[in-house]
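*Asks:* Structure in structure tokens, see below.
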Amino acid sequence: MENGEHVPGSVYFYAPNKGAPVFFAFAFAVSGGFHTYQCIHYKSWRLTGLHVFCALLFTAGFIVREIGAFDYQNLEKYIVSTCLIYSAPPLLELANYNILGRILYYAPYHSPIHPGRVITTFTFISFIVEVLNGNGVAYSANQSLAASAQNVGRALLKAALVIQLGVLALFVLLAVSFHRRCLRAGLRNERLLAALRTLYASTALLAVRTVFRVAEYWSIAQHDFWRPGGIDVKTLSPAIRYEWFFWVFEASLMLVNHVLMNVRHPRRYLPKSAKTYLALDGVTEVTGPGYKDGRKLWVTVVDPFDVYGLVKGKDREKKFWEEPGAREGRKAGRGDVEAQV
């Protein structure tokens, strides 16, 4: 039983649990297998293929953690398992960016930005976060540098974490803004709202996990583990001293997110093609030319809302949904066969 005391020689701080990694490795393998089936069934590799890859990362990570539990002094096993497990959640956030883009494509006339720019813009910001992370780690971990330089590294890491939360907030703001536009216009299509609710739930799970990671790092950053004589372990945060924090806020939350996307797969509610959208009646699905943006890619990334175009009085894009000639498809409601799969 955990008592918050350091286990001599353990790179985990504690003696890691030997049963939990087996359960989570198996659970993620099953979820990943089901995601693979769903990608084939719905032909949705571009939309949800990242969930298959993330399931592989989690499965491999927990297998290595299980091996490391029997050799908790081995630093290499600890590093490999940690890198595999911690690398998956940012990719799940990227998957959510993609899903929101597809939701915006489904009702393009209410989208605050070009739907295709969601993933490019948020990925660009995430890249900046990773640059800050990389430089922060390089400075803070290099014990040959002066204390002031190491403090700069810690500050960069903290800034990266804060920006990461900011990106998450902007993402939610974009989704809510789109949602409110739909409701104000009287668009209450069940498929669209179901997809949004699923996205909100997934984002909430990832947000709780991110907040925990931020709090955990903040508690670590205030300690100098390399100073002569070490530190008093009792001054460390409980998030470091007790393993259950990891199993609850990392493993369990991410497993729930994976299962959520199994049960409420986005393709249950969204059409296969991004060119298929809801007509202005909010019921009929129409296949049109698709949402296009004639601006250069770098311009769309820097100015996704086309502020320049609005100032100049230029239309951001052609409103194809107001033109005749689009091919009408099925009614998009609760009775849709695909929605019930």
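Residues in the sequence shown are numbered consecutively from 2, following the working numbering. We treat Cβ as the ideally placed atom computed from N, Cα and C, and that holds for glycine.
Please state the DSSP three-state secondary structure of Leu281.
*Replies:* Start at 1 with the first residue of the sequence shown, and residue 281 comes out as number 280. If DSSP states are grouped into helix, strand and coil, Leu281 belongs with coil.
*Asks:* Leaving out five residues on either side along the sequence, give the residues of the same chain with a beta carbon under 7 angstroms from the beta carbon of Tyr106.
*Replies:* What you label residue 106 is simply residue 105 of the sequence shown in a count that begins at 1. Result list for Tyr106: Pro116, Ala275, Tyr278 and Tyr292, in chain order.
*Asks:* Quick one, which of Val65, Ser11, His266 and Glu94 has its alpha-carbon nearest Val23's?
*Replies:* Counted from its first residue, the sequence shown places residue 23 at position 22. For Val23, the nearest C-alpha among the options comes from Val65.
*Asks:* Just to confirm, is the Cβ distance from Pro113 to Ser220 under 7 angstroms?
*Replies:* Stepping through the sequence shown from its first residue, residue 113 is reached at position 112. Stepping through the sequence shown from its first residue, residue 220 is reached at position 219. Against a cut-off of 7 angstroms, the Cβ pair of Ser220 and Pro113 comes out as no contact.
*Asks:* Any idea what DSSP makes of Lys297, helix, strand or coil?
*Replies:* Here residue 297 is taken as the residue at index 296 of the sequence shown, counted from 1. If DSSP states are grouped into helix, strand and coil, Lys297 belongs with coil.
*Asks:* Pull up the distance between the alpha-carbon of Leu175 and that of Leu169, whole angstroms please.
*Replies:* Residue numbering aside, residue 175 sits at position 174 when the sequence shown is read from its first letter. Residue numbering aside, residue 169 sits at position 168 when the sequence shown is read from its first letter. Their Cα atoms are separated by approximately 10 angstroms.
*Asks:* Give the single residue among Gly50, Ala160 and Leu57 whose Cα lies nearest to the Cα of Phe25.
*Replies:* Residue mapping note: residue 25 aligns to position 24 of the sequence shown, counting from 1. The shortest Cα separation from Phe25 among Gly50, Ala160 and Leu57 belongs to Leu57.
*Asks:* How many Å lie between Arg155 and Val132 at the Cα?
*Replies:* The residue labelled residue 155 in the question sits at position 154 within the sequence shown. The residue labelled residue 132 in the question sits at position 131 within the sequence shown. Roughly 14 angstroms separates the two Cα atoms.
*Asks:* Taking only the alpha-carbon atoms, compute the straight-line gap between Thr121 and Ala16 and give it to the nearest angstrom.
*Replies:* Taking the first residue of the sequence shown as position 1, residue 121 is located at position 120. Taking the first residue of the sequence shown as position 1, residue 16 is located at position 15. Using only the alpha carbons, I get a separation of about 42 angstroms.
*Asks:* Does the distance from the CB of Ile86 to the CB of Val130 come in under 7 angstroms?
*Replies:* Position 85 of the sequence shown, counted from the start, is the residue given in the question as residue 86. Position 129 of the sequence shown, counted from the start, is the residue given in the question as residue 130. Going by C-beta atoms, Ile86 is not nearer than 7 angstroms to Val130.
*Asks:* Tell me where the alpha helix (DSSP H) around Leu171 begins and ends.
*Replies:* Position 170 of the sequence shown, counted from the first residue, corresponds to residue 171. Counting along the chain, the alpha helix (DSSP H) containing Leu171 begins and ends at Ala148 to Arg185.
*Asks:* CB Leu101 to CB Val119, shorter than 7 angstroms?
*Replies:* Taking the first residue of the sequence shown as 1, we reach residue 101 at position 100. Taking the first residue of the sequence shown as 1, we reach residue 119 at position 118. Contact flag set, yes.
*Asks:* Going by DSSP in three states, Gly10 sits in which element: helix, strand or coil?
*Replies:* Position 9 of the sequence shown, counted from the first residue, corresponds to residue 10. Reduced to three states, the DSSP call for Gly10 is coil.
*Asks:* Between which two residues does the alpha helix (DSSP H) holding Glu94 run?
*Replies:* Mapped onto the sequence shown, residue 94 falls at position 93. Start and end: Leu76 to Tyr107.
*Asks:* For Lys19, which residues from the same chain have a beta carbon less than 6 angstroms from its beta carbon, with the 5 sequence-adjacent residues on both sides left out?
*Replies:* Residue numbering aside, residue 19 sits at position 18 when the sequence shown is read from its first letter. Within the same chain, Lys19 has close Cβ partners Ala70.
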